Structures are given as structure tokens and as C-alpha cells.
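Quick note: the sequence shown uses this note's numbering, first residue 37, plus one each step. Every residue gets a Cβ at the ideal spot worked out from N, C-alpha and C, and that includes glycine. Nothing here was measured: the structure is a model prediction, and the numbers come from that model.
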Amino acid sequence: MEKKIDEIMKVLLESWSIESSSKWSKDNPAKGQCGVTALVINDIFSGEIRKTKLPGGWHFYNFINKERYDLTASQFMENITYKDLLSNREEAFADTNAKQYNYLKQKVSSAFN
């Protein structure tokens, strides 16, 4: 699983853009990408979407095979104290929109096909 996550992380770094989050910047490509990324990772690997409350709001990430995968943690300067609260696709989708989700899903899917 770690090898697959490493591969998908490379794809995400190349795919994240202003098209996948209005908060994106070259200096911080993971910024604002947590909800949309958690959804796309959930599409590919299933598992669960989890969340933790941070000063800026909810932060979403994935739990797969009893392991936490937070592929957007690099957007934060401080360490995250994870609460690992169970979330769902609806909550994560509230952090994005259909255009951003479809863009990222297409970019990631095409890289793996």
C-alpha cells in the first residue's frame, strides 16, 4: 500500500492546481486540497474518510486498512493532533465542489490508466 500511496502522491503534486482548489498556490500546492483529495483517494482505495478540527475548520483525510493517510498535511506549518473522527463523502464534498472534484478525479484517474 505504501508504494501505491507514494505513486499517487507524485500524481497529486502534479495535479493539484487552482482548478482543484481556489486556495492552491505554487508555494503551498496542498492548501485547500483536503476534501477533494480525500474523496478521490476514497474512490480509488475505499476505506474511510476521517476528519480533525483545526483552527481553520475541518481537515479531511483517509483511513485505509486501519492506517491514516493524510496526503495534504504538508499545507500546514504546525503539527496536527489527529482526532480521527469518522466522516463521510457528504462532509468532505462540502469542502469542495463538483468542478474541482471532477477535475482532480480525471487527472488522477488518467495518470493510473
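DSSP state of residue i mapped onto helix, strand, coil
i	result
E84	strand
I100	strand
E89	It should be noted that the sequence gives Lys, not Glu, for residue 89. Reduced to three states, the DSSP call for K89 is strand.
L49	helix
L107	coil
Of the listed residues the options, nearest to residue i (C-alpha basis)
i	options	result
F81	E127, N98 and Q111	N98
F112	L122, R125, F129 and G92	G92
T132	A109, K143, S146 and A74	A74
Y105	L90, V47, E114 and G83	G83
8 Å CB neighbourhood of residue i in its chain, flanking five on each side removed
i	result
K60	The question names Lys, but residue 60 is Trp in the sequence shown. Closer than 8 Å at Cβ, skipping near neighbours: W52, S53, I54, K67, G68 and Q69.
Residue i versus residue j: straight-line alpha-carbon distance, rounded
i	j	result
D42	V76	15 Å
T88	K39	25 Å
I44	R86	19 Å
N124	I100	14 Å
I116	E127	20 Å
Spatial neighbours of residue i in its chain, beta-carbon cut-off 7 Å, leaving aside the 5 residues before and after
i	result
Y118	T88 and R104
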